[in-house]
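Reminder that position 118 of the sequence shown reads as 118 in our numbering, one-by-one numbering, no gaps. Notes to accompany the following structure.
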Amino acid sequence: MSHAFLLVSTGAGSGLTTVSLGLVRALDRLGIRTGFYKPIAQLHDGDTGLERSTQLIEHMTDITTPQPISIKRAISLLGSGQEEMLMEEVIALYKKSARHTDTMIIEGLVADGHAGYATHLNTAIARALDAEVILVGTPEEEIDAYIDIAANAFKDDNGTALIGVILNKVGMKLNAGNRSVQTLFSEEACRKVSKKNFHFIGAISYRNALNSTRMSDIASYLNAKVLFEGELNTRRARHIELCARTVENTLSVYQPHTLLIFPGDRDDVFIAACMAALNGVPLAGILLTSNYQPNDQVMKLCAQAIQTGLPILQVELGSYQTATKLAERPREVPIDDYELVDDVMNHVANYLDANWLKERCAIERKPRLSPAAFRYQLLQQSQEKRHRIVLPEGEEPRTIKAADQCQRRGIADCILLGSPEKIHHVAASQGVKLAESITIIDPSDVRHRYIQPMIKLRQHKGLTQAAAEDQLHGRVVLGTMMLALDEVDGLVSGALHTTANTVRPAFQLIGTNADAKLVSSVFFMCLPDQVVVYADCAINPDPNTEELADIAIQSADSTKRFGIEPRIAMISYSTGESGTGSDVEKVRAATALVRELRPDLIVDGPMQYDAAANAAVGKSKAPDSLVAGKANVFVFPDLNTGNTTYKAVQRNAHVVSIGPMLQGLKKPVNDLSRGASVEDIVYTIALTAIQAGSSK
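Quick look at the structure:
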């Protein structure tokens, strides 16, 4: 039977579901194969259909779990004295959930005013499943008493099944005027817990951004009329402001992620809000009350601001009644708000004692490198030694946000190229206060320093001073020169530039490794259950035999560098000796060359994709192969095949791809997709920092 942890709460409002999901994420990062199980359903107010924890875990992970027993059936069995039958059903579902797992997270029932039976059921479940209990609570004054009660409730013959405590929502304000009191109170609660005879697994800091509500959910809750949809489904309200004063006295409220509430006939406030939107402030939206809306002339005047994506809603209630109703809205995360659920899971996982959890699980095997574990490993490795990464697209909003995150999280020391004034303006408009340690370099101030060094690097090509000065107006070229002169350790670009514009200066000014025949690329494809590598999907249109073998060797070494033991499949349209033709012969010859040059590598080919990826197909088509059905490095025969495959998998299977990461250069330069998210840029910076450490 898998190692089981049962999470129970001190009461309603402790965030039991979010902590349970976060614990699953934390264990997944450690490579521990984890299952999730909710024995008995408890529906929240407004819930319809299936139980929310089960729905969320199945959507956010690759975990499959059976639907829990309904609370109605559980109460019926308890009421008729059939608790043993209820526990038999609990155990049956648990065994179904625990197959092929090393650790199980079990979410218990919340003991609130409507569920006095919860503690009794939780103790029965812990006993039936031989589960160790983790208590989840908030930093309340009576937290030490709650812990003692739980310890007594879960005692068994061997001592106690309560092994640890997690405090949630630490630092949350009780009210607007009580911040300092709440902070001291939270610290005192943490001290009390840490002195107990149970492990203090973590204190999860309260973060207001994780309570932001989508504008679409606000519209639905208020049954509001949508005057202008804009980015209704993506903008979030972190703050709500009731604008009852004059424009002069409300200027301070026009801040990012703020929902403004005011009567629809307040044209002055409406125009001011639209001006803020035009100036780049990403307001959450505007909520017009009292069934009024600005007249047509005002709407025409503000049309350009509305086109920025600003959602505008209208309700019949007055402003005060509307604000009061919003304050009373349910605080549970909407069942379909997967983006927020993912952020919450990561946030919780970051505050848990990962080393203690790993020791407690006592897993004696090589950890599985799940996508979450791979991404976590990237950040951990990049933080070991902070490298200097230059970002030529320093005025681009996503790049600025990513640089700030990397700086604050210790992933890298980021250098933004651009106008300091413009960079700070863009950051402020995005609600970002740049870390003080981040470096901003104005290209116009330093460009002249690189003219002569660039001429020296390119003198064999006859580069003139005028040509060098002209090329250095390109920020990617300038950043590449900084890398060539060892002023930085790596470069990341591509949010605005093409791959050619990013890579060409690296070819010219950095050059390839002595042992590399060419520059190639890999994508780390985060499949549901593992991370695999695709190569080359970005650089080489039609590599010859020697080049294809070099791509395979480079990709294997890159794979090892990131904690994956490579099993290389040389992809073609046939498997083994079944096919003929120049294309398949190239792959066959490249496979033989890899074996000759690197006998330490596990490689096979030519091999069809399904034979490489699927165990059943691999066993049928290549029964003696060490790679078939187990491949984690897929080397494609040409760019057409590789690029098409990676994009098809990425889009149709909703797979996250990290890359392309360039390999073969003397120093790390990496490209971004022009559609890259902030998170994509963060992970690419981390990849580059790790490469920088390896190259040194």
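The C-beta atom is built at its ideal place from N, Cα and C for all residues, glycine as well. As the structure is a computational prediction, the values presented were derived from the model and not from experiment.
{"query": "Endpoints, alpha helix (DSSP H) assigned at I91", "result": "83–98"}
{"query": "Closest residue to E393 among P443, L379, M87, P599 (Cα-Cα distance)", "result": "P443"}
{"query": "Cβ contact (3+ pairs, closer than 8 Å) linking the region 461–469 and the region 487–506", "result": "no"}
{"query": "Cβ-Cβ separation, R588 to P606 (assumed contact under 8 Å), whole Å", "result": "5 Å"}
{"query": "Three CB pairs or more closer than 8 Å across the region 506–518 and the region 400–419", "result": "no"}
{"query": "I106 and F5 closer than 8 Å at C-beta", "result": "yes"}
{"query": "Nearest-angstrom Cβ-Cβ length linking D353 and I201, presumed shorter than 8 Å", "result": "5 Å"}
{"query": "Alpha-carbon spacing of D102 relative to A118, whole angstroms", "result": "27 Å"}
{"query": "Segment contact flag, the region 615–628 with the region 550–563, C-beta cutoff 8 Å, min 3 pairs", "result": "no"}
{"query": "Residue range of the alpha helix (DSSP H) that includes F270", "result": "267–278"}
{"query": "Proximity to A303 [Cα-Cα], best of V446, M275, D610", "result": "M275"}
{"query": "Stretch pair the region 526–546 + the region 648–660: three plus CB contacts closer than 8 Å", "result": "yes"}
{"query": "Local Cβ density within 10 Å of P371, reported as buried at 16 or more and exposed below that", "result": "buried"}
{"query": "Within the region 299–367, ranges of the alpha helix (DSSP H) (whole runs, at least 4 residues)", "result": "303–306, 319–327, 338–350, 354–361"}
{"query": "Per-residue DSSP class, three states only, for R408", "result": "helix"}
{"query": "Residue range of the unbroken alpha helix (DSSP H) whose run includes Q663", "result": "No alpha helix (DSSP H) holds Q663; the beta strand (DSSP E) holding it covers 656–663."}
{"query": "DSSP beta-bridge partners of T213", "result": "A237"}
{"query": "Simplified DSSP state of S520, which is helix, strand or coil", "result": "strand"}
{"query": "CA-to-CA distance, K358 to L30, given in whole angstroms", "result": "7 Å"}
{"query": "First and last residue of the uninterrupted beta strand (DSSP E) at I149", "result": "Element bounds for I149: not the beta strand (DSSP E) but the alpha helix (DSSP H), 143–153."}
{"query": "Span of the beta strand (DSSP E), counted from its first residue to its last, around K225", "result": "225–228"}
{"query": "Assigned secondary structure, L7 (DSSP; H/G/I helix, E/B strand, else coil)", "result": "strand"}
{"query": "Residue span of the alpha helix (DSSP H) that contains A556, given as start and end", "result": "545–561"}
{"query": "Endpoints, the alpha helix (DSSP H) within which V503 is located", "result": "499–509"}
{"query": "Which of helix, strand or coil DSSP assigns to A176", "result": "At A176, the pLDDT of 42 sits below 50, so the modelled position is not reliable and the matter cannot be decided from this model."}
{"query": "Sequence-distant residues of the same chain with beta carbon closer than 6 Å to L472, five excluded per side", "result": "R447, Y450, L478"}
{"query": "DSSP-derived helix/strand/coil call for T512", "result": "strand"}
{"query": "Residue interval of the beta strand (DSSP E) (run including L162)", "result": "162–170"}
{"query": "Nearest-angstrom beta carbon gap, V90 and L7 [assumed within contact, 8 Å]", "result": "Not a contact, Cβ separation roughly 15 Å."}
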